[in-house]
Amino acid sequence: MFHAAIAGTGRAVPAKVLTNADLEKLVETSDEWITTRTGVRERHMAADGETLSDFCVAAGTAALENAGVAAKDLDAVLVATVTPDQPIPAVACLVQHKLGAKKAAAWDQNAGCSGWLYGLHIADGLIQAGKAKNVLLVGAEFLTRYTDYTDRATCVLFGDGVGATLLRATKSDRGVLASTIRSDGEGACFIQMPGGGSSYPPNRPETLEQRLPFIKMMGGETFKIAVRSMVDVCKDVLNESGFEPGEVSWLLPHQANDRIIQAVGERLGIPRERCIVNIERYGNTSSASIPIALDEAARDGRVKRGDLILFTAFGAGLTWGAALVRW
């Protein structure tokens, strides 16, 4: 039976960099406070006039070239994002058009920071069902445009960027060995952007007055649930595929917070040197964080053919998931 293998990767990030020193000028904070609590030292920030769809095209083109696949051969373009160019149409349709992927279906997926993993699970299902052979999966966020720079608890976290992966049907031993996705709407209030939807539409004065179009987060509660949830699903996919944590070549978690990354690795028994971490240079880029980090690790040679990579993420919804992939 066919399943999905990661055949190519790409990334695109804005040139502008916002450092912790820059944030010290905006809110009452310090480089020491930020790095100690989050691990973030700098993050990329989209400039005026830059669009998420253009960065999706750049990252997607890099992934296609890396895989040796033409856009005309794509069966689907899936963009995981909570920050599209506009509410309608889906940014995936804009990307599909700009790439010239004329026969591809295209849609967006909103699963917060778990978006790329949700997309991997769904794309693998499409390929297993024989409905697709080549799927471009993009994790893309311009989070700084929804960041409240008067809230020091959240404004230090987020950055902008796009990561892309080309998934191709294979019958080889490479690719997705096991994956799972979960959700629990009871925790919806832990991570949210209340304004801009039909409950608090943008044309109501109170939406802006109450700063509702910005990301709101209950950090302490999120931390505890995130660690426990990611560890549980990682164990599930390892059990399903018959592997032990000691056999994992790389743990690549969502880059939410360095303390979360460290806690997940410790509870799984995977040492820090086998964790792929780049949060210090990008911050939390939500659904883009895993594919950006994967592209870096693939291109610099850390990830090698045959490696077992354990992916995991947790995000708004609440949503979370994990996947074990052989490179």
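Here the sequence shown stands for residues 9 to 335, numbered as in the numbering used here. C-beta atoms are modelled at their ideal positions from N, C-alpha and C, and glycine is treated no differently.
I want to know whether the segment 73-86 touches the segment 152-160 - three or more CB-CB distances under 8 Å.
Under the three-pair Cβ rule at 8 Å, the segment 73-86 does not count as touching the segment 152-160.
So, do the segment 186-196 and the segment 137-146 have three or more beta carbon pairs nearer to each other than 8 Å?
Short answer: they don't touch.
Helix, strand or coil at S297 according to DSSP, with G and I counted as helix
Reading the sequence shown from its first residue, position 289 is the one you call residue 297. Here S297 sits in helix by DSSP.
Between which two residues does the beta strand (DSSP E) carrying I14 extend?
What you label residue 14 is simply residue 6 of the sequence shown in a count that begins at 1. Taken as a continuous stretch (DSSP letters only), the beta strand (DSSP E) holding I14 covers H11 to A20.
Taking DSSP as the reference, what is the three-state secondary structure of I233?
As a first step, residue 233 must be located in the sequence shown, where it is residue number 225. In the structure shown, I233 sits in a helix (DSSP, three-state: H, G or I).
Can you give the beta carbon distance from G325 to A119, rounded, assuming they're within the 8 Å contact cut?
Looking up residue 325 in the sequence shown gives position 317. Looking up residue 119 in the sequence shown gives position 111. Separation of the CB atoms of G325 and A119 is rounded to 6 Å, and the pair is thereby assigned contact status at 8 Å.
Would you kindly work out how many angstroms separate the C-alpha atoms of D39 and H129, rounded to a whole number?
On the sequence shown, position 31 is the one that residue 39 refers to. On the sequence shown, position 121 is the one that residue 129 refers to. Computed Cα separation, rounded: 37 Å.
Where do the N-terminal and C-terminal ends of the beta strand (DSSP E) with V256 fall, by residue?
For the purposes of this step, residue 256 is taken as residue 248 along the sequence shown, with counting starting at 1. Here V256 belongs to no beta strand (DSSP E), and DSSP marks it neither H nor E.
Quick check: the segment 94-110 against the segment 174-187, are at least 3 beta-carbon pairs closer than 8 Å?
Of all C-beta pairs linking the segment 174-187 to the segment 94-110, fewer than three are shorter than 8 Å, placing the two stretches out of contact.
Would DSSP call W328 helix, strand or coil?
As a first step, residue 328 must be located in the sequence shown, where it is residue number 320. Strand.
In the DSSP assignment, find the unbroken beta strand (DSSP E) run with W115 in it and report its ends.
For the purposes of this step, residue 115 is taken as the residue at position 107 of the sequence shown. In the DSSP assignment, W115 falls within the unbroken beta strand (DSSP E) covering A113 to Q117.
Roughly how many angstroms lie between the CA atoms of F322 and A264, to the nearest whole one?
As a working mapping, residue 322 is identified with position 314 in the sequence shown. As a working mapping, residue 264 is identified with position 256 in the sequence shown. Computed Cα separation, rounded: 9 Å.
Return yes when the Cβ of A331 is within less than 8 Å of the Cβ of F319, no when it is not.
One-based indexing of the sequence shown puts residue 319 at position 311. One-based indexing of the sequence shown puts residue 331 at position 323. Yes, the Cβ-Cβ distance between F319 and A331 is below 8 Å.
Bridge partners for T27 per DSSP, in chain order?
For the purposes of this step, residue 27 is taken as the residue at position 19 of the sequence shown. Answer is E50.
Please classify T27: is it buried, with 16 or more other beta-carbons within 10 angstroms of its beta-carbon, or exposed?
Residue numbering aside, residue 27 sits at position 19 when the sequence shown is read from its first letter. So T27 ends up on the exposed side.
In terms of residue numbering, what span does the alpha helix (DSSP H) encompassing D159 cover?
Position 151 of the sequence shown, counted from the first residue, corresponds to residue 159. Per DSSP, D159 belongs to no alpha helix (DSSP H) and is neither H nor E.
Candidates K110, A172 and R49: closest to A296 by CA position:
In the sequence shown, counting from the first residue as 1, residue 296 sits at position 288. The closest CA to that of A296, considering only K110, A172 and R49, is found on A172.
Identify every run of the beta strand (DSSP E) within the segment 175-259, keeping only runs that are complete inside it and at least 3 residues long; order them along the chain.
Taking only runs of at least 3 residues, the beta strand (DSSP E) segments lying wholly in the segment 175-259 are 183-191.
Out of D168, D93, Y154 and A112, which has the shortest C-alpha to C-alpha gap to R219?
Position 211 of the sequence shown, counting from 1, holds the residue named residue 219. The residue with the shortest Cα to Cα distance from R219 is Y154.
If we call anything under 8 Å between Cβ atoms a contact, is A79 one with A20?
Mapped onto the sequence shown, residue 79 falls at position 71. Mapped onto the sequence shown, residue 20 falls at position 12. It is not a contact, given that the beta carbons lie outside the stated cut-off.
Distance, G204 Cα to L175 Cα
For the purposes of this step, residue 175 is identified with residue 167 of the sequence shown, where counting begins at 1. For the purposes of this step, residue 204 is identified with residue 196 of the sequence shown, where counting begins at 1. So the two alpha carbons sit approximately 33 Å from each other.
Reference R49, options S187, I233, L165 and Q104, closest by Cα:
By one-based count along the sequence shown, residue 49 stands at place 41. For R49, the nearest C-alpha among the options comes from L165.
Could you say which of T37, G291 and L302 lies nearest to G167 if we only look at CA atoms?
Translated into positions along the sequence shown, residue 167 becomes position 159. Nearest C-alpha to G167: G291.
Range of the contiguous alpha helix (DSSP H) that encloses T320:
Position 312 of the sequence shown, counted from the first residue, corresponds to residue 320. Boundaries for T320: no alpha helix (DSSP H) harbours it, while the beta strand (DSSP E) harbouring it runs L316 to G323, taken from the DSSP string.
DSSP beta-bridge partners for F166?
For this step, residue 166 is matched to residue 158 along the sequence shown. Under DSSP, the beta-bridge partners assigned to F166 are N292.
Run through the DSSP bridge pairs and tell me what N142 is partnered with.
Within the sequence shown, the letter at position 134 stands for residue 142. Partner(s): R176.
I need the boundaries of the beta strand (DSSP E) containing V85, first residue and last residue.
For this step, residue 85 is matched to residue 77 along the sequence shown. Where V85 is concerned, the enclosing beta strand (DSSP E) stretches over A84 to A88.
Reference P299, options G76, M9 and Y126, closest by Cα:
Numbered from 1 along the sequence shown, position 291 holds the residue referred to as residue 299. For the residues G76, M9 and Y126, the minimum Cα distance to P299 belongs to Y126.
Presumed contact (8 Å Cβ cut-off) between F198 and L60, rounded CB distance:
Counting from 1 along the sequence shown, the entry for residue 198 is found at position 190. Counting from 1 along the sequence shown, the entry for residue 60 is found at position 52. Contact check for F198 and L60: beta-carbon distance about 25 Å, past the 8 Å limit, so the pair fails to qualify.
Buried or exposed, going by whether 16 or more other CB atoms sit within 10 Å of the CB of M9?
Position 1 of the sequence shown holds residue 9. Counting every other CB atom within 10 Å of its CB across the protein chains shown gives M9 a total below 16, marking it as exposed.
Grab me the residues of G227's own chain with a C-beta within less than 7 Å of its C-beta, minus the 5 sequence neighbours each way, in chain order.
Counting from 1 along the sequence shown, the entry for residue 227 is found at position 219. Shown here for G227: same chain residues with a beta carbon closer than 7 Å to its own, the five before and five after excluded, namely A161 in chain order.
Just to confirm, are N74 and G18 a CB contact at a threshold of 8 Å?
Within the sequence shown, the letter at position 66 stands for residue 74. Within the sequence shown, the letter at position 10 stands for residue 18. For N74 and G18, yes; Cβs fall inside 8 Å.
For E149: DSSP bridge partner residues:
The sequence position of residue 149 within the sequence shown is 141, counting from 1. Paired residue(s): G169.
Sequence-distant residues of its chain with Cβ nearer than 6 Å to A177 (five each side left out):
To locate residue 177, count along the sequence shown from 1; it is residue 169. Excluding positions up to five away in sequence, the list reads F10, I135 and K141.
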